[in-house]
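J.: Starting off with a structure, shown below.
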Amino acid sequence: MLEVNSIYLYRNKKQIFSDFSLFLKKKQIILLIGENGAGKSSLLDTIAGLIQPQSGSVKIEGRHIEEIGISKKETFTYIPHQSCLMENFTVLENLKIWIELNSLKIREEIIDQKLKIFKLKNIKDQLVRNLSHGQKKKVSLSKLLFSNSKLWLLDEPLNGLDQNSHNIFKKILLRHQNNQGSILFSSHIDPKIRLTKKIILKKKINKKFVERSFNQWNKL
């Protein structure tokens, strides 16, 4: 599904990754965990093709990320840490634009049903600029409900979520996994999510990540 091979990445003359590799198979969920500034966002941006590493390669389903291009939305879905919502559009308008960009045809009543999952239906006509941080995060994550991609890349998806929304998010991950999907997501804290099969820790800014299986992590 996803192959990251021997990535070397420097930003502002600072080494972020040195000979870093990662392999994500079908139906796997990998958590990137580490403190702020550990390089989680840089890694996800690199995998998504937004940053070019100095050397190494990224392949999704056997194809180099450069060959896939940013327009191939069916290959992967990336929800970055920063909100990519259009502030002067409503919640509903933002989701309709997302759906159109992904070449999907979904009736508005179906969209309304999906909005209920994160309890957004009552604010669907509000401008995004008037929403709280937590509400914006839920709108961003709602895009996953309209994604046909098998690979999800999610940067700090838990940030700003209340406990109920956190639980909803975990159910969405499990459903995607059961549908043959794979997820790579980051967090600056350990979210104690039982779904995680692999945990990758980054001890130092210029060292490799350390892989651990889910069974080696604390079980709840």
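For what it's worth, the working numbering labels the leading residue of the sequence shown as -17, then goes sequentially.
We put the CB at the ideal spot given by N, CA and C, even for glycine.
Small disclaimer: the values here were computed from a predicted structure and weren't measured.
1. Which residue's Cα is closest to the Cα of residue 7: 159, 174, 168 and 173?
2. Tell me whether residue 126 is buried or exposed, calling it buried when 16 or more other Cβ atoms sit within 10 Å of its Cβ.
3. Give me whichever residues DSSP pairs with residue 46 in a beta bridge.
4. Would you call the region 12 to 20 and the region 115 to 125 in contact, with 3 or more CB pairs under 8 Å?
5. Could you work out which residue in 1, 68, 9 and 20 is closest to residue 35 when comparing CA atoms only?
6. Tell me, please, which residues DSSP counts as bridged to residue -15.
7. Going by C-alpha to C-alpha distance, which of -12, 95 and 58 sits closest to residue 163?
8. Express the C-alpha separation of residue 148 and residue 174 in angstroms, rounding to a whole number.
9. Using 8 Å for Cβ pairs, my map puts residue 110 next to residue 143. What's the rounded Cβ distance?
10. DSSP on residue 71, reduced to helix/strand/coil?
11. Rounded to whole angstroms, what's the CA-CA distance from residue 27 to residue 121? Just pull it up for me.
12. What is the C-beta distance between residue 32 and residue 166, in whole angstroms, given that I count them as a contact (C-beta under 8 Å)?
13. Which of helix, strand or coil does DSSP assign to residue 10?
14. For residue -3, which of helix, strand or coil comes out of DSSP?
15. Assuming residue -5 and residue 137 form a contact by the criterion Cβ under 8 Å, report the distance between their Cβ atoms to the nearest whole angstrom.
16. On the DSSP letters alone, give me the boundaries of the beta strand (DSSP E) that residue 58 sits inside.
17. Alpha carbon to alpha carbon, what distance is there between residue 72 and residue 226?
18. Tell me the DSSP secondary structure of residue 102 in three-state form.
19. Where does residue 140 fall in DSSP's three states?
T.: Result, derived from the coordinates:
1. 159
2. buried
3. 41
4. no
5. 1
6. 5 and 41
7. 58
8. 11 Å
9. Actually they do not touch by this definition, with Cβ atoms about 17 Å apart.
10. coil
11. 21 Å
12. Contact doesn't hold; Cβ gap of about 15 Å is too wide.
13. coil
14. strand
15. No, residue -5 and residue 137 are not in contact; Cβ-Cβ is about 24 Å, not under 8 Å.
16. 58 to 61
17. Since the displayed the chain opens at -17 and closes at 202, residue 226 lies outside it and no answer follows.
18. coil
19. coil
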